[in-house]
Amino acid sequence: MDKTNILLLGAGGREHALLKKLSESPRAGKLYVAPGNGGMLQLAQSAPVNPDSPTDVADWSAANGIGLVVIGPEAPLVAGVADAVRAKGIPCFGPNANAARMEGSKEFAKQVMARANVPTAAYKSFTDRAACEAYVRELDGPCVVKADGLAAGKGVIVAQTTQEALDGVAQCFEGAFGDAGSMVVVEEMLEGPECSLLALTDGKTVVPLATSQDHKRAYDGDKGPNTGGMGVYSPVPAVSDEELSTMTQVMERVVAQLAADGITYSGCLYGGFMLTKDGPKVLEFNARFGDPETQVVLPRMHADLVDVFLRCDAGNLNANVIQWDDDWAVSVVLASAGYPGSYESGKRITGIEKASAMPGITVYHAGTKADEAGVIHTAGGRVLAVTAVAPTFAEARERAYAACDCIDFEGKQYRTDIGARAL
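Note that this note's numbering gives residue 1542 to position 332 of the sequence shown, counting from 1, and the numbers run on in steps of one.
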């Protein structure tokens, strides 16, 4: 069997989970990461490329015999890295820039959803602050304020009051989310539990993956500010077969609509859904695997990920290449004190090996860095994702928290209620 050399872009828990799954493929050749993290660099070599630079990634890949580029985060996708890689004739997993606008612009995604007749929250978008504030006052109640562009999962303000919404509008227009906030989308507030559905697609065939449910708020009881995600479990017991079918059809309609618009969407399409009393409605789309959803979806998946990703690029994906086990997965994020606000880095981490030796446990690195002696230190807000797989939901939760207790670093913070409500 021919081996495929792989370059994976990114440095988070999602990328560590992707790298681990790719490394298990019999087709995996040399593995490179840019920039990687303390855990990823135990499995792969560091590639000296800027992951957000299309020419840098494409030129280095061509010069180093790369047979597959896998793009983890959203910024390189929106920057057009996939376009540049494919232009060199190198297979790539991740949508081109025109398709990545499904995440890069909330306004663009809403327009696609309207044409595809996809159920979503009513909205208006604004580039004028005064007009935006006037609309928020007119709504006079709960709403959701979103920066239109990429804001690393933080540009969404779920406002219960008019004042909270006005504060959110001010954050966007005053530059709290950089250029992402130059256009602001204001949506109606949807009610119900949330569910993430990731799907792989080659632009024609859509293969849904297992459902998962993220916990966005920083503190127990869904209190505190929104984060990139503090923990997650899969599958989601509250999702009925009918709801799953509806969500899958939504994903299929969006990919078909993009194709009708002349855009081939190849890669992972992430649908964030609210399970309302009127059925599932779309909260947002992302153009890549979710983080931390990937850390519970991939451990339950049986597939040769190199083969699957090459099929997505080549346009010959089919559902039979992926199977699932019946186990449950729960992942708890260990974060630095102060996250999602300001935090200190460089704290020594102990206990990762002990936790990893426990049955059913995988510790995915996110914000970590190894020093010259190979000692792992904190280097980000979300530091580790501790994932447990077990035959029952209760056992998976128990294992995950037992493993979290083994790991220590100064300022370690985490939620103690991941999956508790669903259980």
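Heads up, the beta-carbon is just placed ideally off N, CA and C, and yes, glycines get one too.
key: Stretch pair the stretch 1218 to 1225 + the stretch 1587 to 1595: three plus CB contacts closer than 8 Å   = Output reads yes: the stretch 1587 to 1595 touches the stretch 1218 to 1225.
request  = Using only alpha-carbon positions, find the residue among Lys1230, Ala1524, Ala1547 and Gly1472 that is nearest to Cys1302.
outcome  = Considering only alpha carbons, the answer is Ala1524.
ask   = Mind checking whether Thr1578 and Asn1215 have CB atoms under 8 Å apart?
value = It is not a contact, given that the beta carbons lie outside the stated cut-off.
ask   = Under a three-way DSSP split, which group does Arg1607 fall into?
value = Taken through DSSP and simplified to helix, strand or coil, Arg1607 comes out as helix.
task = Mind reading off the beta-carbon distance from Gly1277 to Ala1292? Whole number of angstroms is fine, and I expect it under 8 Å.
result = Approximately 15 Å separates the beta-carbon atoms of Gly1277 and Ala1292; this is outside 8 Å, ruling out the contact.
ask   = By how many angstroms is the C-alpha of Leu1229 removed from the C-alpha of Pro1245?
value = Pro1245 and Leu1229: Cα-Cα distance of roughly 13 Å.
inquiry  = Tell me the residue span of the beta strand (DSSP E) that contains Ser1422.
reply    = If you look at Ser1422, you'll find it in the beta strand (DSSP E) that goes Val1416 to Asp1424.
key: Euclidean distance between Cα positions of Pro1490 and Ala1332   = Each residue's Cα considered, the two are about 14 Å apart.
inquiry  = Quick check: the stretch 1311 to 1323 against the stretch 1339 to 1350, are at least 3 beta-carbon pairs closer than 8 Å?
reply    = Too few Cβ pairs lie closer than 8 Å, so no.
query = Between Ser1335 and Cys1522, what straight-line distance do the alpha-carbon atoms span, to the nearest angstrom?
reply = Near 33 Å, if we compare the C-alpha coordinates of Cys1522 and Ser1335.
key: Endpoints, the beta strand (DSSP E) within which Met1393 is located   = In the DSSP assignment, Met1393 falls outside any beta strand (DSSP E), carrying neither H nor E.
query = For Met1511, which three-state DSSP category applies?
reply = It is a strand residue.
inquiry  = My parser needs the beta strand (DSSP E) runs of 3 or more residues fully inside the stretch 1507 to 1551; what are they?
reply    = The stretch 1507 to 1551 contains, as complete beta strand (DSSP E) runs of 3+ residues, the segments 1538 to 1545 (chain order).
query = If you compare alpha carbons, which of Pro1264, Leu1493, Asn1436 and Tyr1443 is closest to Asp1660?
reply = The displayed coordinates of the chain run from 1211 to 1633. Any statement about residue 1660 would go beyond what the structure contains.
request  = Would you check if there are 3 or more beta carbon pairs closer than 8 Å linking the stretch 1361 to 1368 to the stretch 1379 to 1390?
outcome  = When Cβ pairs closer than 8 Å are counted between the two stretches, the stretch 1361 to 1368 is seen to touch the stretch 1379 to 1390, the count reaching three or more.
Limits of the beta strand (DSSP E) - the one that Met1484 falls within = Met1484 -> beta strand (DSSP E) spans Gly1477 to Thr1486.
message = Along the chain, where does the alpha helix (DSSP H) containing Asn1308 start, and where does it finish?
response = For Asn1308, the enclosing alpha helix (DSSP H) stretches over residues Ala1307 to Gly1314.
message = Using the Cβ count rule (16 or more neighbours within 10 Å means buried), how would you classify Lys1213?
response = By the Cβ neighbour-count rule, Lys1213 is exposed, with fewer than 16 other Cβ atoms within 10 Å of its own.
query = Which same chain residues, not among the five before or five after Arg1311, have their C-beta less than 7 Å away from its C-beta?
reply = When the five nearest sequence neighbours on each side are left out, the beta carbons in the same chain lying within less than 7 Å of the beta carbon of Arg1311 are those of Phe1318, in order along the chain.
ask   = Hey, Glu1503 and Ser1422: beta-carbon distance below 8 Å or not?
value = Yes, the Cβ-Cβ distance between Glu1503 and Ser1422 is below 8 Å.
Beta-bridge pairing of Thr1330 - partner residues as DSSP gives them = Val1492, per the DSSP bridge assignment.
message = The beta strand (DSSP E) that contains Glu1620, what's its start and end?
response = Counting along the chain, Glu1620 sits inside no beta strand (DSSP E), nor does DSSP assign it H or E at all.
message = Tell me the DSSP secondary structure of Arg1347 in three-state form.
response = In this structure, Arg1347 counts as helix in the three-state DSSP scheme.
query = Taking the alpha-carbon positions, what's the His1425 to Asp1618 distance?
reply = Whole-angstrom Cα-Cα distance: 22 Å.
Rounded Cβ spacing between Val1506 and Ser1541 (contact assumed at less than 8 Å) = Under the criterion of beta carbons closer than 8 Å, Val1506 and Ser1541 qualify as touching, at roughly 5 Å.
inquiry  = Which same chain residues end up closer than 6 Å to Ser1566 when comparing Cβ atoms and leaving out the 5 residues on each side of it in sequence?
reply    = Taken in chain order, the residues that qualify are Val1573.
ask   = Got a sec, what are the start and stop residues for the alpha helix (DSSP H) Ser1455 sits in?
value = Here the alpha helix (DSSP H) through Ser1455 covers Asp1451 to Ala1470.
Same chain only: Cβ atoms within 8 Å of Leu1485, ignoring 5 sequence neighbours per side = Excluding residues within five positions, the ones whose Cβ falls inside 8 Å are Gly1402, Pro1403, Glu1404, Cys1405, Ala1448, Val1449 and Glu1453.
ask   = So Val1516 and Arg1237 are in contact, right, with Cβ under 8 Å, and what is the actual spacing, rounded?
value = That pair is a contact at about 4 Å.
ask   = What is the rounded straight-line gap between the Cα of Ala1613 and the Cα of Gly1629?
value = Approximately 16 Å, taken between the alpha carbons.
ask   = How is the alpha helix (DSSP H) around Pro1352 delimited, first residue to last?
value = Here Pro1352 belongs to no alpha helix (DSSP H), and DSSP marks it neither H nor E.
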